[in-house]
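A.B. asks: Structure in structure tokens, see below.
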Amino acid sequence: MNDSSDELSQETRDLLDRGRHGHALSPGRRSGLRRAVLAQAALGTVIATSSTAAAWTAAVNAASVAVIVLFVGGTLRAAMHRNDPVERPTAAAMPAPPRTPARVAPVDALPAEAPKAVAAPGAPPVATPAPGPAPLSEVVAPSSPQARPGSLPVAPGARATPPAAAQVAASSAPGASLAVPATTPTQAASPMEPPSAPTGAPSSLPVVPVSSLAAEAQLLREADRALKAGDAAGCLQLLDEHARQFPRGTLEPEASAERVLALCGAGRTSEATRDARAFLASHEAGPLALRVRASCAGPGL
Amino acid sequence: MPLAIAFEPKLSERPPPPVPEVVAAVTFEQLYDEHVDFVWRSARRLGLDASAADDVVQQTFLVVHRRWSEFEGRSLAKTWIFGVLLRVVSDHRRTLRRKSPHAFHPPVDLDTLEDGSAGGDPHETLLRAEASRTIDQLLESLDDDKRVVFVLAELEGMTADEIGRATGLDRQAVYTKLRAARTDFEKAAARLRRQEAARRRPIDGRRIDERTR
């Protein structure tokens, strides 16, 4: 849209050209954001599919987001510090400057219900009414069926299923059939898909499907809940399960930190210290590290 | 099977089916990966500091994730996502303003130097980072609507139609706002150039020190 340049001088145009590519995401921030968004999206999906109401109530939402915000907010900071090319020496000693109360993971253990976090920044926008794409309905009606099949790679019931199964569920019909005008008697996914388009299948993607992140987040949440309820052994069992199911899990740092806390809870201080040391070797800064340092393993480090 | 053969010549005479505007079977992650850079820099150019942009990017994509099934290719993903971003940013501003009037634009943003450090000639990188910061500064002189339209048109290269879809403005309004925005931006740029020229005269080296510190 550079048609009329009357209002802008050549100097200003040059400035705009030079600065056009500013605000590139740094690699550390990019990976941290990605983990945070996908994990939060995944958890949201879990709640959505397991609640009876089709719509998310703000309350359900807030409760779910609150936990993962604390979890993942930590992840984000930890990941960003970990990969930060500009090393800040004080980062290990100080928490990230709190700009909003709920983003900063508390130094002590994760609160189980975190009522304050209901008003957390994670919650309100999820509860915001529709953004305004509605009036823009002019384009591309014909393509809409094809836009659907992959949409949310979580089918009802994908919640507790292992990732492989969840993928299968996602790549099969439900999303697609919704978008098909109900004229076809058999609403399978195939009629709408060109036979020569296998590349779009979600299962062929190299990235982690959201559904498996959902399962991972869910598992960790259960582990955390167990620990909160005083069941350190149960928590450790769930963490073992996590390690089995997600050996390279997206939320591995969270799981490792949680394990330290659980070992503390079980009174296994020396093991906690050992794990804490291993954890801090690769995650020396960030809220997760703070939590680990504040645990029973802290004095032995 | 014989039927298909019988129909084949006719089919081949037809034009190929239109390429769908939204690629089939896009996953949320593909959508995210494709647009996160755009959303991030837009948030920054709408005046959010790096940490606020972190929040806003996350919130935007959570809304996108939740509402994605309703999307159905009614508009291009990019403009639609920008529409979501605008909402989130405006909510964010409201909340922040209630909390503290000074929460925006902290004096020092540690992240800016690390931005744009994607390799290449360091001098060129520095110039670009400087230009980007100058642009941010000049964008401050635009009111919210003009700023949005200006960013999308001049920095993102969107067409008037796309901007209309992203903002809900009609075509004429987009042009009107863009013209006004350009005028304001140019005025601010000219003012800044005069100030810079006046400041540069005494000692030239000092400024670079201040900038890179």
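If you read the protein sequences in the order shown, they are chains A and B. Numbering-wise (the working numbering), the first sequence opens with residue 4 and increments by one. Numbering-wise (the working numbering), the second sequence opens with residue 1086 and increments by one. Ideal Cβ positions, reconstructed from N, Cα and C, are used throughout, including at glycine. If you're wondering where the values come from, they're calculated on a predicted model, not measured in any experiment.
From R1151(B) to R1126(B), what does the alpha carbon distance come to, in whole angstroms?
C.D. replies: If I take the Cα positions, the gap works out to 22 Å.
A.B. asks: In chain A, which residues lie with their C-beta within 8 Å of the C-beta of E1271(B)?
C.D. replies: The contacting residues are E10, L11, S12, T15.
A.B. asks: Check whether the Cβ atoms of S1217(B) and G25(A) lie closer than 9 Å to each other.
C.D. replies: Yes, these two residues count as a Cβ contact at 9 Å.
A.B. asks: Can you check which of these residues, Q13(A), R37(A), R224(A), is closest to H245(A) by C-alpha distance?
C.D. replies: It is R224(A).
A.B. asks: On a Cα-Cα basis, can you pick out the residue from D1176(B), R1250(B), V1259(B) that is closest to Q1144(B)?
C.D. replies: It is D1176(B) whose Cα lies nearest to the Cα of Q1144(B).
A.B. asks: Give the DSSP-derived three-state secondary structure of R277(A) in the structure shown.
C.D. replies: It is helical.
A.B. asks: Using a Cβ-Cβ cutoff of 9 Å, what residues of the segment 1114-1130 of chain B are near chain A? List them in chain order.
C.D. replies: Under the 9 Å Cβ criterion, the segment 1114-1130 of chain B contributes E1114, Q1115, Y1117, D1118, V1121, D1122, W1125, R1126, S1127, A1128, R1129, R1130.
A.B. asks: Please compile the residues from chain B whose C-beta is within a distance smaller than 8 Å of the C-beta of R251(A).
C.D. replies: Chain B residues near R251(A): none, gap ~16 Å exceeds 8 Å.
A.B. asks: Could you tell me which chain B residues have their CB closer than 9 Å to the CB of R23(A), listed as they occur along the chain?
C.D. replies: What R23(A) touches in chain B: R1213, A1216, S1217, I1220, E1239, L1240, E1241, G1242.
A.B. asks: At least one CB of chain A closer than 9 Å to the CB of R1267(B): is that the case?
C.D. replies: Taking Cβ atoms only, chain A reaches closer than 9 Å to R1267(B), which makes this a yes.
A.B. asks: Under DSSP, the alpha helix (DSSP H) around R23(A) begins and ends at which residues?
C.D. replies: It is not in any alpha helix (DSSP H) - R23(A) carries neither H nor E in the DSSP assignment.
A.B. asks: Would you kindly work out how many angstroms separate the C-alpha atoms of R1264(B) and W1153(B), rounded to a whole number?
C.D. replies: Answer to the nearest angstrom: the Cα atoms are 33 Å apart.
A.B. asks: Check whether the Cβ of Q43(A) lies closer than 9 Å to any Cβ atom in chain B.
C.D. replies: Taking Cβ atoms only, chain B reaches closer than 9 Å to Q43(A), which makes this a yes.
A.B. asks: Under 8 Å by Cβ, that's how I've got T1249(B) and V1259(B) pegged, so tell me the actual separation to the nearest angstrom.
C.D. replies: Rather than Thr, the amino acid found at residue 1249(B) in this sequence is Gly. 5 Å between Cβ atoms; contact.
A.B. asks: At the level of alpha carbons, what is the spacing between G301(A) and A284(A)?
C.D. replies: Answer to the nearest angstrom: the Cα atoms are 14 Å apart.
A.B. asks: In whole angstroms, what is the alpha-carbon distance linking R1129(B) and R32(A)?
C.D. replies: Each residue's alpha carbon lies about 14 Å from the other.
A.B. asks: Let me know the secondary structure DSSP gives L1133(B) once reduced to three states.
C.D. replies: In the structure shown, L1133(B) sits in coil (DSSP, three-state: anything other than H, G, I, E or B).
A.B. asks: Among I1220(B), A1214(B), T1210(B), E1215(B), which one has its Cα closest to the Cα of L1131(B)?
C.D. replies: When only C-alpha atoms are compared, the closest one is I1220(B).
A.B. asks: Residues of chain A with CB closer than 8 Å to the CB of Q1280(B), please, in chain order.
C.D. replies: Neighbours of Q1280(B) on chain A: none; closest Cβ ~14 Å, over 8 Å.
A.B. asks: Could you work out which residues of chain A lie near V1142(B), taking near to mean beta carbons separated by less than 7 Å?
C.D. replies: Result: L36.
A.B. asks: Which residues in chain B have a C-beta closer than 7 Å to the C-beta of L254(A)? List them in chain order.
C.D. replies: Here the premise fails: no neighbours, minimum Cβ distance about 16 Å.
A.B. asks: L1237(B) and T1252(B) - do their beta-carbons sit closer together than 9 Å?
C.D. replies: Yes, they are a contact pair.
A.B. asks: Restricting to runs no shorter than 4 residues, where is the alpha helix (DSSP H) found entirely within the segment 218-263 of chain A?
C.D. replies: The qualifying runs are 235-248.
A.B. asks: Indicate whether at least one CB of chain B lies closer than 9 Å to the CB of H26(A).
C.D. replies: Yes, H26(A) lies at the interface with chain B (some Cβ there is under 9 Å from its Cβ).
A.B. asks: Which one of R294(A), E219(A), R38(A) has the shortest CA to CA distance from A265(A)?
C.D. replies: Minimum Cα distance to A265(A) is reached at R294(A).
A.B. asks: Inspect the beta-carbon positions of L28(A) and D1122(B) and report whether they are closer than 9 Å.
C.D. replies: Yes, the pair counts as a contact, with Cβ atoms nearer than the cut-off.
A.B. asks: Under the criterion of a Cβ to heavy atom distance below 8 Å, does R37(A) qualify as lining the ligand GTP?
C.D. replies: For the ligand GTP, the structure offers nothing, since it holds no ligand at all.
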